[in-house]
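Peer 1:
2 protein chains.
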Amino acid sequence: MEPLVDAGQDRPATLADVAAASGVAISTASRALSNPNRVRAATREKIEEAARELNYVVNSQARALTSGKTRTIAVMVSDVTNPFYFDIIRGTQQQLKAAGYTQLLVDTEESDELEDSMMHKLRRSFDGAILAASRLTDRNLAALASEMPLVAINRQTSGVPSVFIDTPSGIEQALGHLVSLGHRDIVYVSGPETSWPNEGRWRSLVRAAERHGVTARRVGPFSPKKVAGAAAADAVLNSGATACIAFNDLLAIGMLMRLRERGVNVPGDLSIVGCDDIFGADFCNPPLTTLTAPIEQAGRVAVSILLARLDDPTISGARQTATLPTHLTVRSSTGPAPIRK
Amino acid sequence: MEPLVDAGQDRPATLADVAAASGVAISTASRALSNPNRVRAATREKIEEAARELNYVVNSQARALTSGKTRTIAVMVSDVTNPFYFDIIRGTQQQLKAAGYTQLLVDTEESDELEDSMMHKLRRSFDGAILAASRLTDRNLAALASEMPLVAINRQTSGVPSVFIDTPSGIEQALGHLVSLGHRDIVYVSGPETSWPNEGRWRSLVRAAERHGVTARRVGPFSPKKVAGAAAADAVLNSGATACIAFNDLLAIGMLMRLRERGVNVPGDLSIVGCDDIFGADFCNPPLTTLTAPIEQAGRVAVSILLARLDDPTISGARQTATLPTHLTVRSSTGPAPIRK
DNA sequence: AATTTTTCTGCAACCGTTTGCCAAAAATTG
DNA sequence: CAATTTTTGGCAAACGGTTGCAGAAAAATT
Numbered sequence: 000m001e002p003l004v005d006a007g008q009d010r011p012a013t014l015a016d017v018a019a020a021s022g023v024a025i026s027t028a029s030r031a032l033s034n035p036n037r038v039r040a041a042t043r044e045k046i047e048e049a050a051r052e053l054n055y056v057v058n059s060q061a062r063a064l065t066s067g068k069t070r071t072i073a074v075m076v077s078d079v080t081n082p083f084y085f086d087i088i089r090g091t092q093q094q095l096k097a098a099g100y101t102q103l104l105v106d107t108e109e110s111d112e113l114e115d116s117m118m119h120k121l122r123r124s125f126d127g128a129i130l131a132a133s134r135l136t137d138r139n140l141a142a143l144a145s146e147m148p149l150v151a152i153n154r155q156t157s158g159v160p161s162v163f164i165d166t167p168s169g170i171e172q173a174l175g176h177l178v179s180l181g182h183r184d185i186v187y188v189s190g191p192e193t194s195w196p197n198e199g200r201w202r203s204l205v206r207a208a209e210r211h212g213v214t215a216r217r218v219g220p221f222s223p224k225k226v227a228g229a230a231a232a233d234a235v236l237n238s239g240a241t242a243c244i245a246f247n248d249l250l251a252i253g254m255l256m257r258l259r260e261r262g263v264n265v266p267g268d269l270s271i272v273g274c275d276d277i278f279g280a281d282f283c284n285p286p287l288t289t290l291t292a293p294i295e296q297a298g299r300v301a302v303s304i305l306l307a308r309l310d311d312p313t314i315s316g317a318r319q320t321a322t323l324p325t326h327l328t329v330r331s332s333t334g335p336a337p338i339r340k
Numbered sequence: 000m001e002p003l004v005d006a007g008q009d010r011p012a013t014l015a016d017v018a019a020a021s022g023v024a025i026s027t028a029s030r031a032l033s034n035p036n037r038v039r040a041a042t043r044e045k046i047e048e049a050a051r052e053l054n055y056v057v058n059s060q061a062r063a064l065t066s067g068k069t070r071t072i073a074v075m076v077s078d079v080t081n082p083f084y085f086d087i088i089r090g091t092q093q094q095l096k097a098a099g100y101t102q103l104l105v106d107t108e109e110s111d112e113l114e115d116s117m118m119h120k121l122r123r124s125f126d127g128a129i130l131a132a133s134r135l136t137d138r139n140l141a142a143l144a145s146e147m148p149l150v151a152i153n154r155q156t157s158g159v160p161s162v163f164i165d166t167p168s169g170i171e172q173a174l175g176h177l178v179s180l181g182h183r184d185i186v187y188v189s190g191p192e193t194s195w196p197n198e199g200r201w202r203s204l205v206r207a208a209e210r211h212g213v214t215a216r217r218v219g220p221f222s223p224k225k226v227a228g229a230a231a232a233d234a235v236l237n238s239g240a241t242a243c244i245a246f247n248d249l250l251a252i253g254m255l256m257r258l259r260e261r262g263v264n265v266p267g268d269l270s271i272v273g274c275d276d277i278f279g280a281d282f283c284n285p286p287l288t289t290l291t292a293p294i295e296q297a298g299r300v301a302v303s304i305l306l307a308r309l310d311d312p313t314i315s316g317a318r319q320t321a322t323l324p325t326h327l328t329v330r331s332s333t334g335p336a337p338i339r340k
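Going down the list, the sequences are from chains E and S.
So the first sequence is numbered by numbering that gives the first Met the number 0: it starts at 0 and just counts up by one.
So the second sequence is numbered by numbering that gives the first Met the number 0: it starts at 0 and just counts up by one.
(1) Should residue 324 of chain E go down as buried or exposed, given a rule of 16 or more other Cβ atoms within 10 Å for buried?
(2) Please list the partners that residue 63 of chain S has in chain E, where partner means a Cβ-to-Cβ separation under 7 Å.
(3) Give the residues from the stretch 248-264 of chain S that approach chain E closer than 8 Å (Cβ to any Cβ), ordered along the chain.
(4) In this structure, does DSSP put residue 123 of chain E in helix, strand or coil?
(5) Name, in chain order, the residues that DSSP records as bridge partners for residue 323 of chain E.
(6) Is residue 1 of chain S helix, strand or coil when you go by DSSP?
(7) Closer than 8 Å between beta carbons: that is the criterion. Which residues of the stretch 110-125 of chain S meet it against chain E?
(8) Since residue 270 of chain E and residue 333 of chain E should fall inside the 8 Å C-beta cutoff, what is the C-beta to C-beta distance between them, to a whole number of angstroms?
(9) Would you call residue 182 of chain E buried or exposed, if buried means 16 or more other Cβ atoms sit within 10 Å of its Cβ?
(10) Under 7 Å, do residue 64 of chain E and residue 17 of chain E count as touching if we go by C-beta distance?
(11) Going along the chain, which residues of the stretch 273-297 of chain E sit with their C-beta nearer than 7 Å to a C-beta in chain S?
(12) Grab the span of the alpha helix (DSSP H) containing residue 92 of chain S for me, first residue to last.
(13) If the criterion is Cβ atoms closer than 7 Å, does the pair residue 184 of chain E and residue 214 of chain E meet it?
(14) Output the residue ranges of the beta strand (DSSP E) runs that lie fully inside the stretch 125-209 of chain S and measure 3 residues or longer, sorted by chain position.
(15) Against residue 85 of chain S, what residues of chain E qualify as contacts under a CB-to-CB distance less than 8 Å, listed in chain order?
(16) In chain order, which continuous runs of the alpha helix (DSSP H) of length 4 or greater are located wholly inside the stretch 14-68 of chain S?
(17) Among S:272, S:110 and S:265, which has the Cα closest to the Cα of residue 222 of chain S?
(18) For a cutoff of 7 Å on Cβ pairs, would you count residue 92 of chain S as touching chain E?
(19) Answer yes if the stretch 243-258 of chain S comes into contact with the stretch 77-86 of chain S, meaning at least three C-beta pairs across the two stretches below 8 Å, and no otherwise.
(20) Under the rule that 16 or more other beta-carbon atoms within 10 Å means buried, what is residue 317 of chain S, buried or exposed?
(21) Taking residue 74 of chain S as the reference, which of S:197, S:338 and S:148 has the closest Cα?
(22) Under a CB-based cut-off of 7 Å, is residue 309 of chain E close to chain S?
(23) If the cut is a Cβ gap below 7 Å, which residues of chain E does residue 88 of chain S touch?
(24) Unbroken alpha helix (DSSP H) runs of length 4 or more, entirely within the stretch 210-285 of chain E: which are they?
(25) Look at the alpha carbon of residue 175 of chain S and the alpha carbon of residue 133 of chain E, and state the distance between them as a whole number of angstroms.
(26) Distance, Cα to Cα, residue 244 of chain E vs residue 196 of chain E?
(27) Would you please state the rounded distance, in angstroms, between the beta carbons of residue 300 of chain S and residue 95 of chain S? I believe it to be under 8 Å.
(28) Indicate whether at least one CB of chain S lies closer than 7 Å to the CB of residue 162 of chain E.
(29) Return yes when the Cβ of residue 158 of chain E is within less than 7 Å of the Cβ of residue 141 of chain E, no when it is not.
(30) Output yes if chain S places a C-beta closer than 7 Å to the C-beta of residue 104 of chain E; else output no.
(31) Rounded to a whole number of angstroms, what is the C-alpha to C-alpha distance between residue 217 of chain E and residue 188 of chain E?
(32) So, residue 153 of chain S versus residue 170 of chain S, is the Cβ gap smaller than 7 Å?
(33) Check residue 287 of chain E in the structure and name its three-state DSSP category.
(34) Quick one: which chain E residues come within Cβ less than 7 Å of residue 223 of chain S?
(35) Of all the options S:330, S:31, S:99 and S:121, which has the alpha carbon lying nearest to the alpha carbon of residue 107 of chain S?
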């Protein structure tokens, strides 16, 4: 009975084995496989045949050594657990695979130090990196960007190419929506202070509130997790506001759960707007009104920018930045302001 | 003004640079950094100093070339989008980082061919792999396992070490729960036919149903996605059953959404049990009764088994398999069977 | 102080590819 | 058919580390 796979081979076949099997020099074998028309068709076929026979696969480490290219891209997220990143990862994964790259997923656990050290430890292992929600300081980020090709998502720092999801503009829409429902006192449920988008959202809210002549306050900061929603909900209730905009959906969903527990009616007593439209925002109870962000697209665009830069390093002069629009998706967590005395 | 980081270096420092800077031979530098007490303390410090100075980081490709070890583990999932895998990924990520390994995430898009070809293409790039929900045939899987260290999750194939989440046993509990609520006619909402756990769940349901003297039927197969829930819901409704157990929570949540749309009361008219207890199962509407699986733990255990095997290849004789128990988490999607004429 | 033992350090080969350079072979041309 | 151009294929040197071996230096022993 025949073995299923190249059994007998105790170790994987190398280029040398292929060359020997087809009676040519290693260099010829190398060219035949990677630079097909540098070699006569007959020879090439013979070599390809032998390679197939021996179940040969190039050793990418060895190739990386000479070429300096690993064809691997690191994707750094601050928390693999957060559904927001799922969509990013999906987007990058797709686009990277299409381009023949491999994705190295790294979780930085919301720590700037870990992020920095990981980038350094691994920098020889990838050709470029995508930083989704970097916790790095502007200074460090810029320094890093000057050392290696990278693209930041949701982070605008001079000198660093990025993909920006324009949630701040969306916030204005969200505020308009709330104001039109009669809300006059709106609270922003703040995310982590080290989060770059957090500030932008808050500032945008303040500006929009001024324009509409309503009050905007903030509570927090809260960790962007479902469990933090409980504290957030209590804080908002405490503030007496009739509506709130949460830093992200995860937090908003956590609030929803807590409010249900406390018997507070959403949106009857309190309206809630989330940000991002992550997995779950459509089926929570009540379904969440939120700023829909093209998250997956952001991942794809980030990859495109990065790969374009890798292919042609000269464009590094033109500081690439893409801005992706968001839009308000109205579901059932927002409604008319309650009548007060 | 001083540059922030090793500016001036156009290319990253190599071991040769470090050796030169500290006036020793390359080999000494190598030993000083990787095998500390093979070198006099004074020398070592001098070298470490130089390395720090030059911001030296070993090139892992080069190291991999001689050692044959990449210190990278591939984690293959059939769909990064599926929240079930999020938790797996979180578990593996954690455990791998703790052990100083890097995680290579690969999405096989539910395709056995892609899975197979990816494993082959990348096999020289990792030391081992974790296959979460492999779509491979037993034959292929076993062949692969004999070529390289790997651990399968939720897949029992002779010769392949694995971590098995014992959902089938849980199914019995779930059925008991439904029967005690008065249900006599139960439908299994089937997942993809190529999914290994799918069969086990169905078989377990059949057995349990026999024991309880109730009818078990099945509808499907359906894709394990939220969107497929609509068709699944309609099929179940059509069957006239009063309760169903869905292949997984994603499908169950999709059904919930569809049923709400159609004005069917859950659990009043139909009880639903999911499997896995993924992100979202607790906050959907109504919250889902489900078989809670220790998903993250499964990821961690898989890594432990894999690393143990890497450290000591001799244990490959003892075919390691871990079984993780599940338990029924009763929430609000199940209730008493409706009274029928 | 001479000798033995131990600890360091350097030389050089190797890991598996790629690639510049040159010679041999084939194809083209007059 | 000889001369010339174009292909093709081989040699050997990188790429950046690791490691067995052996000589040198330092420490310990006599």
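Positions of the beta carbon are idealized from the N, C-alpha and C atoms, including for glycine.
Peer 2: The answer reads as follows:
(1) Looking up residue 324 of chain E in the first sequence gives position 325. Exposed, because fewer than 16 other Cβ atoms sit within 10 Å of the Cβ of residue 324 of chain E.
(2) Looking up residue 63 of chain S in the second sequence gives position 64. By Cβ distance, chain E contributes 60.
(3) 252, 255 and 256
(4) Here residue 123 of chain E refers to the residue found at position 124 of the first sequence. Here residue 123 of chain E sits in helix by DSSP.
(5) Sequence index remark: in the first sequence, residue 323 of chain E carries index 324 (1-based). Looking at the DSSP assignment, residue 323 of chain E forms a beta bridge with E:164.
(6) The residue labelled residue 1 of chain S in the question sits at position 2 within the second sequence. Caution applies to residue 1 of chain S, whose pLDDT of 33 falls short of 50 and renders its modelled position unreliable; the model cannot decide the point.
(7) 119, 120, 121, 122, 123 and 124
(8) Indexing the first sequence from 1 puts residue 270 of chain E at position 271. Indexing the first sequence from 1 puts residue 333 of chain E at position 334. Confirmed, Cβ separation roughly 4 Å.
(9) The residue labelled residue 182 of chain E in the question sits at position 183 within the first sequence. By the neighbour-count rule (16 or more Cβ atoms within 10 Å), residue 182 of chain E is buried.
(10) To locate residue 64 of chain E, count along the first sequence from 1; it is residue 65. To locate residue 17 of chain E, count along the first sequence from 1; it is residue 18. Cβ distance not < 7 Å, so residue 64 of chain E and residue 17 of chain E don't count as in contact.
(11) 278, 279, 282, 283 and 284
(12) Here the question's residue 92 of chain S lines up with position 93 in the second sequence. 82-97 is the extent of the alpha helix (DSSP H) around residue 92 of chain S.
(13) Taking the first sequence and counting its residues from 1, the one referred to as residue 184 of chain E is at position 185. Taking the first sequence and counting its residues from 1, the one referred to as residue 214 of chain E is at position 215. It is a contact, given that the beta carbons lie within the stated cut-off.
(14) 127-131, 149-152, 161-165 and 184-188
(15) Residue mapping note: residue 85 of chain S aligns to position 86 of the second sequence, counting from 1. Those within 8 Å of residue 85 of chain S in chain E are 79, 80, 82 and 85.
(16) 14-21, 25-33, 40-53 and 59-66
(17) Here residue 222 of chain S is taken as the residue at index 223 of the second sequence, counted from 1. Residue 222 of chain S has its Cα closest to that of S:110, out of S:272, S:110 and S:265.
(18) One-based indexing of the second sequence puts residue 92 of chain S at position 93. Yes, residue 92 of chain S lies at the interface with chain E (some Cβ there is under 7 Å from its Cβ).
(19) yes
(20) Taking the second sequence and counting its residues from 1, the one referred to as residue 317 of chain S is at position 318. Because residue 317 of chain S sits at a pLDDT of 49, beneath the cut-off of 50, its placement in the model cannot be relied upon, and the following sentence gives the value as read from the coordinates. So residue 317 of chain S ends up on the exposed side.
(21) For the purposes of this step, residue 74 of chain S is identified with residue 75 of the second sequence, where counting begins at 1. Among S:197, S:338 and S:148, the Cα nearest to that of residue 74 of chain S belongs to S:148.
(22) Numbered from 1 along the first sequence, position 310 holds the residue referred to as residue 309 of chain E. Chain S, which has no Cβ nearer than 7 Å to the Cβ of residue 309 of chain E, makes this no.
(23) Residue mapping note: residue 88 of chain S aligns to position 89 of the second sequence, counting from 1. The contacting residues are 79.
(24) 227-238 and 248-260
(25) Walking along the second sequence from the start, residue 175 of chain S turns up at place 176. Walking along the first sequence from the start, residue 133 of chain E turns up at place 134. The straight-line gap from Cα to Cα measures roughly 48 Å.
(26) Within the first sequence, the letter at position 245 stands for residue 244 of chain E. Within the first sequence, the letter at position 197 stands for residue 196 of chain E. Near 14 Å, if we compare the C-alpha coordinates of residue 196 of chain E and residue 244 of chain E.
(27) Your numbering for residue 300 of chain S matches position 301 in the second sequence. Your numbering for residue 95 of chain S matches position 96 in the second sequence. No, residue 300 of chain S and residue 95 of chain S are not in contact; Cβ-Cβ is about 13 Å, not under 8 Å.
(28) For the purposes of this step, residue 162 of chain E is taken as residue 163 along the first sequence, with counting starting at 1. Not one chain S Cβ lies under 7 Å of residue 162 of chain E.
(29) What you label residue 141 of chain E is simply residue 142 of the first sequence in a count that begins at 1. What you label residue 158 of chain E is simply residue 159 of the first sequence in a count that begins at 1. Cβ distance < 7 Å, so residue 141 of chain E and residue 158 of chain E count as in contact.
(30) Within the first sequence, residue 104 of chain E is the residue found at index 105, counting from 1. Cβ-Cβ to chain S under 7 Å: yes for residue 104 of chain E.
(31) As a first step, residue 217 of chain E is located in the first sequence; it is residue number 218 there, counting from the start. As a first step, residue 188 of chain E is located in the first sequence; it is residue number 189 there, counting from the start. Computed Cα separation, rounded: 6 Å.
(32) Translated into the one-based positions of the second sequence, residue 153 of chain S becomes position 154. Translated into the one-based positions of the second sequence, residue 170 of chain S becomes position 171. No. Outside cutoff.
(33) The residue you call residue 287 of chain E lines up with position 288 of the first sequence. Three-state DSSP puts residue 287 of chain E in coil, outside helix and strand.
(34) Counting from one through the second sequence, the residue named residue 223 of chain S turns up at place 224. Within 7 Å Cβ-Cβ: nothing; residue 223 of chain S doesn't reach chain E, min ~14 Å.
(35) The residue labelled residue 107 of chain S in the question sits at position 108 within the second sequence. Closest option to residue 107 of chain S, Cα to Cα, is S:121.
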